[in-house]
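Quick notes on the structure that follows.
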Amino acid sequence: MSSSSTLTELKSQLRGSLIDRESPNYTEARKLYNGMIDKRPLAIARCCDVADVMAAVNCARENKLALAIRGGGHNGPGLGSVNDGLVIDMSEMKGVRVDPATRTVRVGAGCTQGDVDHATHPFGLAVPAGIISTTGIAGLTLSGGHGYLTRKFGLTVDNLLEADVVLADGSFVTASSDRNADLLWALRGGGGNFGVVTSFLFQAHPVRTVFAGPIAYDQKHAKMIMQRFREFIPRAPEDLGIFLGLKTVLSCDPFPKDHWGKGICLLMVCYNGPEEDGKKALAPLVGELPEPWFNWTGVMPYPAVQSMFDGLYPKGMQWYWRGDFVKTLPDAAIDAHLEQAARSPSELSLMHLYPIDGAVQRVNGGATAWNCRDATFSMVIAGIDPNPAKAAAVTQWTKAYWEAVHPFDMGGAYPNFMMDDEGEGRLKATYGSNHARLAEVKRKYDPANLFRVNQNIKPAA
Ligand SMILES: Cc1cc2nc3c(=O)[nH]c(=O)nc-3n(C[C@H](O)[C@H](O)[C@H](O)COP(=O)(O)OP(=O)(O)OC[C@H]3O[C@@H](n4cnc5c(N)ncnc54)[C@H](O)[C@@H]3O)c2cc1C
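Here the sequence shown is numbered in the working numbering, starting from 44 and rising by one per residue.
Below you can see the structure in the form of structure tokens.
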């Protein structure tokens, strides 16, 4: 069948829309969050229900089309799209149903994190996820998901109770602890390798207002702050979500003009509880530090801190990422960080260290596919700039920074902080002893590797 008759047939089967290269909204619809990636799929199937997803999966398999699954489109290397293939775009499958009695939340796979926070906040509940509200809940969840609530309540995958999935053969299954438990195990960290998730069931937790915000110090104090941070984290109360960043003060309002363009060491905090308790929790760390350039902590609704950075990172900028899991942070590693951070090619470029402790470490490494639970931090280096002419500069800086600090780090990295040029060895190092088991589950549910536009786990031979 020709590609145009294939697409015409698929279109007739969908309740949602099929956007092809002739459609007036094709250019807009194919844009990804990372402006550095420019893919031209054959068509984008904007599915609006499970039947649409089944039709699109069957179409791709029967016609041997490369297939990508798009949630929020935030993936660094743009794995939510594919050249010359079919994209299953979930962005219209957005329903959220909160059950306050069980504190569980059923989430359509097209939701962003912000959609989930919006729906759960009136119930005084939240699902642990990441720190930018426009990120898709699907891609974030399937590779792990960490953010401010992680130390207390675990990764997003640790709160995933059930998922509805369309498999490679077009059939529909539910993965839970008593139905297709091997599939649920794999979905809890193994990425988009096993099928198209159409909805998630999450455990939520009590979260209302938080004491949160950024505290920024002159980067000349960063060595001491990183040393104190390293000692502080294992003793810090788990209600305190916190990450450390090496960044630059942006040359725009509302940032203090005197410091525009200067390097900072940032502590971004989010305490789930009253302000007095949050200040008490932070005191052993910040009490001994010099005066910050600015301290914008305050009491706010949880969705406010979740969307605090959205405006600084709009869709379409140039991004190149590298990550690593970090076990210890010796002084020599801190020195390497500071040397590289000082060479930042743009004001938006950053390095963040997110704690991976508390509730994450109380789960056994083999209990979910996400097994790097003996790490202390998940580290990301991101070269970012709005100007396409700076794409090479932010890429080179990120790679050089990563090369300099990688010898101090563990072998693997958070898959959601990987690009697509890091090789299979990195994924094997990340999944460790879980990699072989993931390959077995892959063989059972997707033996022909239909779902391969992702951080790919090949079916076991
Ligand atoms: C600005 C920014 C901030 C971030 N902050 C955090 C953070 O704080 N914490 C964190 O953990 N991560 C964070 N991330 C990383 C984020 O988790 C990944 O980029 C993730 O891939 C985004 O998911 P998405 O659905 O938006 O991506 P997409 O590009 O839509 O999809 C990514 C991949 O997920 C898979 N996928 C998507 N939907 C489905 C589905 N329905 N079924 C099966 N597979 C699917 C596919 O394999 C696809 O290739 C951040 C990313 C950005 C850009």
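We put the beta carbon where it would ideally sit given N, CA and C, even for glycine. Given the structure is predicted, the values throughout are model-derived calculations rather than measurements.
query	result
Proximity of Phe-243 and Val-208 at Cβ, strictly below 8 Å	no
Classification of Asp-301 by the beta-carbon crowding that lies within 10 angstroms, buried from 16 upward	exposed
Beta-carbon proximity check, Val-548 vs Ala-376, cutoff 8 Å	Here the chain has residues from 44 to 504 only, and residue 548 is not among them.
Where Lys-263 falls, given that 16 or more other Cβ within 10 Å makes a residue buried	exposed
Leu-85 (DSSP reduced to helix, strand or coil)	coil
Any alpha helix (DSSP H) of 4 or more consecutive residues that is wholly inside the region 422 to 492	434 to 448, 467 to 474, 477 to 488
Three-state class that DSSP yields for Ser-60 in the structure shown	strand
Same chain only: Cβ atoms within 8 Å of Asp-142, ignoring 5 sequence neighbours per side	Val-148, Arg-149
Under 8 Å between C-beta atoms of Asp-92 and Arg-58	yes
Residues near Ile-424 in its chain [Cβ-Cβ closer than 6 Å; skip 5 each side]	Arg-365, Met-394, Thr-441, Tyr-444, Trp-445
Residues bridged to Ser-242 (per DSSP)	Gly-151, Asp-207
The region 297 to 317 / the region 176 to 187 touching (three or more Cβ pairs under 8 Å)	no
Minimum C-alpha distance to Leu-391 - residue among Asp-353, Asp-320, Ala-503, Ala-172	Asp-353
Ligand 1 heavy atom lying under 7 Å from the CB of Ile-175	yes
Bridge partners - Cys-308, DSSP secondary structure assignment	Tyr-260, Leu-289
Length of the line joining the Cα atoms of Thr-193 and Glu-382	30 Å
Enclosing alpha helix (DSSP H) for Phe-275 [first to last residue]	265 to 275
Met-343 vs Asp-428 beta-carbon contact at 8 Å	no
Stretch pair the region 475 to 491 + the region 412 to 424: three plus CB contacts closer than 8 Å	yes
Own chain, CB closer than 8 Å to Val-403, minus 5 neighbours either side, in chain order	His-189, Thr-193, Arg-194, Gly-197, Leu-198, Asp-201, Arg-416
Endpoints, beta strand (DSSP E) assigned at Gln-361	361 to 369
Extent of the continuous beta strand (DSSP E) to which Pro-344 belongs	341 to 344
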